[in-house]
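Encoded as structure tokens, the structure appears first; notes follow it.
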Amino acid sequence: MEWVWTNFGLIWGLTLSQVWLSAFPIVIGFVVSIPLGYLASRSRVARSILLSIGGILYTIPSLALFIIIPVIIGTSILDPINVVIALTIYAIAIMVRSAADAFVSVPEPVQDSATAVGFSSAQRFFAVDFPLSGPVLLAGIRVVSVSTVSLVSIGSVIGVSSLGFLFTDGFQRNFPTEIWAGIVGTLVIAAVFDGILVLIGRILMPWNRRSSPALARNVASKRSVVLR
Amino acid sequence: MDLIIQGFTWIFAAAQWAGGGSIPVRLGEHLYYTGVSLAIAFVIAVPLGLYIGHTGKGRGVAIAASNISRALPTLGLLAVLVLVFGVGLLPAVIVLVILGIPPLLAGAYAGVESVDPQTVDAARAMGMTELQILFKVEIPLGAALIIGGFRAAALQIIATTVVAAYFGLGGLGRFLVDGQSQNDYPKLVGGAILVIALALVVDGVLALLQKLVVPRVSAGTRNTRRTARGGVIPPVAQSRTLIKEGQ
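Chains as they are written, first to last, in my numbering: chain A, 1 to 228; chain B, 229 to 475.
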């Protein structure tokens, strides 16, 4: 415990880099997945193509992806951007499926009545489809957030600094306290991110506050089966 | 892109196919760690998951387990256990089993739960015992999701075994870790290609298996479904849609 206080500066710095390395993939993954997921919910062909590509990309073990990405895009192998890109790819791979399920979860009669009262398709998307798919989207992005935070630390094997540094350094120095500090730190970041997402959900979807709809729960629990 | 070619050249060089640290040896180690861990995780998780799915008890535990395991940093877990038990198979297998259990558990539980309650009730009404219901109705109808859990567990374990090489274990991850520390880029990239290939092949085989086990709906049922649009869809067809959705 004493080690934690004397090295608080180091831990805090690593925590910040872990936060940045995981925040970017979560945000970009969400933004990119919305249009892709919408496309997948509209067309059967797009759905099967997007979900197959996502499934294949998600199958690639993270360490191998961290190494292959710089080779393909020509960055240095130690560049943190590789980890950000790899984790963004994973985030999109998970989130497109969630987004597609989310848009499918919007009841068809509701969509039809929006069209009937004269909504254009863009208006319908922003005023009807997007808000109503919110609960399932939230469930999806929460899964993305947790897994992204825990995957960032693997980057430290190839020298990308994050709380994972405490794992490799603690191992080399034979010092479990340091490793435990890293594990706890990672869990705390994951919990804080999750709390922020839930809070954003509460603010943006006040109608959803009381009871989480059965559908969102159902989809979320299915997600946890299919994904690692 | 040049490095990719060098990586492939490295893979196909004769030196990589014979001797102590050759590709076949590393691949064998990787499959061995994965197989042992999967088997142990399977024995622990699947009966438990089937029980939860069949009785509906402990549903929260299954969901919580899978959420927590997703948040746990595998690298940290491996580091701690290797320090406690020393470098070797034991700490790695413990971590791999821990990571394999949640997807297997969730798959088994969700597979059983995805079966239409009407179908289960029908089986019960026909006089099947609870065990018969489980083995003759729920497991066959939920098989795709159960194998889906197995697939997720297998991939999680394969990926983590790669990372375990950092802590002195064998397996394909050795090429990545050694390539990195020796600045041997062809080895590093070649190793990464091998890891990706292994993951894709295992995933592909299990995906195929998953497709094969989805029970066939008889032609009569299928017709009912097509003609009865908007009407009542037969339970068998319903649970089939659910399973497909779950993939």
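Ideal Cβ placement from N, Cα and C applies to all residues, glycine included. None of the values given here were measured: they were computed from a predicted structure.
- B/N295: member of the alpha helix (DSSP H) spanning R287 to A299, first to last residue.
- The alpha carbon of B/A425 has as its nearest neighbour, out of B/Y413, B/L400, B/V442 and B/L278, the alpha carbon of B/L400.
- About 5 Å separates the beta carbons of A/G182 and A/F167, which is inside the 8 Å limit, making them a contact pair.
- Counting only Cβ-Cβ distances below 7 Å, A/G118 has no contacts in chain B at all, with the closest Cβ about 27 Å away.
- Taking a Cβ-Cβ cut-off of 9 Å, A/I94 has no neighbours in chain B, whose nearest Cβ is about 11 Å from it.
- Inclusion of A/P25 and A/V84 in the CB contact set at 8 Å is warranted, their separation being smaller than that value.
- Under the Cβ distance rule, B/Q408 counts among the residues neighbouring chain A, one pair being separated by less than 8 Å.
- A distance below 8 Å separates the beta carbons of A/A190 and A/S150.
- Contact between the segment 354–361 of chain B and the segment 317–334 of chain B is not established, with fewer than three Cβ pairs separated by less than 8 Å.
- By the rule that beta-carbons nearer than 8 Å mark a contact, B/Y260 does not touch chain A.
- Between A/A91 and the set A/S105, A/T59, A/A127 and A/V4, the nearest pair of CA atoms involves A/T59.
- By the criterion of a C-beta distance shorter than 8 Å, B/F395 is surrounded in its chain by L306, A307, V310, V315, P319 and A320, once the five residues flanking it on both sides are discounted.
- In the three-state reduction of the DSSP assignment, B/D344 falls in the coil class, being assigned neither a helical nor a strand state.
- In the three-state scheme derived from DSSP, where H, G and I count as helix and E and B as strand, A/I60 is classed as coil.
- Between B/T302 and B/T237, the CB-CB gap reaches or exceeds 8 Å.
- By the Cβ neighbour-count rule, B/Q346 is exposed, with fewer than 16 other Cβ atoms within 10 Å of its own.
- Secondary structure of A/I158 (DSSP, three-state): helix.
- Rounded to the nearest angstrom, the gap between the Cα atoms of A/S22 and B/E366 is 40 Å.
- Judged by their CB atoms, A/V45 and A/M95 are not nearer to each other than the 8 Å cut-off.
- Think of a sphere of 7 Å around the beta carbon of B/D431: the chain A residues whose beta carbon falls inside it are T59, in chain order.
- Annotation for B/A387: the continuous alpha helix (DSSP H) segment containing it runs I367 to A392.
- Below the 9 Å Cβ cutoff, chain A contributes I56, T59 and I60 as neighbours of B/L428, in chain order.
- The beta carbon of B/V417 sits closer than 6 Å to those of L231 and G235, all from its chain and outside the five residues before and after it, given in chain order.
- The Cβ-Cβ distance between B/L266 and B/A381 falls below 8 Å.
- B/S265 sits in a helix when the DSSP states are folded into three classes.
- Bounds of any alpha helix (DSSP H) do not take in B/K364, whose DSSP letter is neither H nor E.
- Contact between the segment 50–58 of chain A and the segment 94–111 of chain A is present, with at least three C-beta pairs closer than 8 Å.
- In summary, A/E2 is exposed, with fewer than 16 beta-carbon neighbours lying within 10 Å of its beta-carbon over all protein chains present.
- Assigned with DSSP and collapsed to three states, B/Q410 falls in coil, not helix or strand.
- Residues of chain B with a Cβ closer than 9 Å to the Cβ of A/W180 are, in chain order, G304 and V308.
- A residue is called buried when at least 16 other Cβ atoms come within 10 angstroms of its Cβ; A/V192 does not meet this threshold and is exposed.
- Annotation: B/R254 has no Cβ neighbours in chain A at a cutoff of 8 Å; minimum Cβ distance is about 14 Å.
- B/A299 is positioned such that its CB atom lies closer than 8 Å to that of A/L187.
- Between A/L137 and A/A102 the beta-carbon gap is near 5 Å, inside 8 Å, which marks them as a contact.
- B/V340 places its beta carbon 8 Å or farther from that of B/G288.
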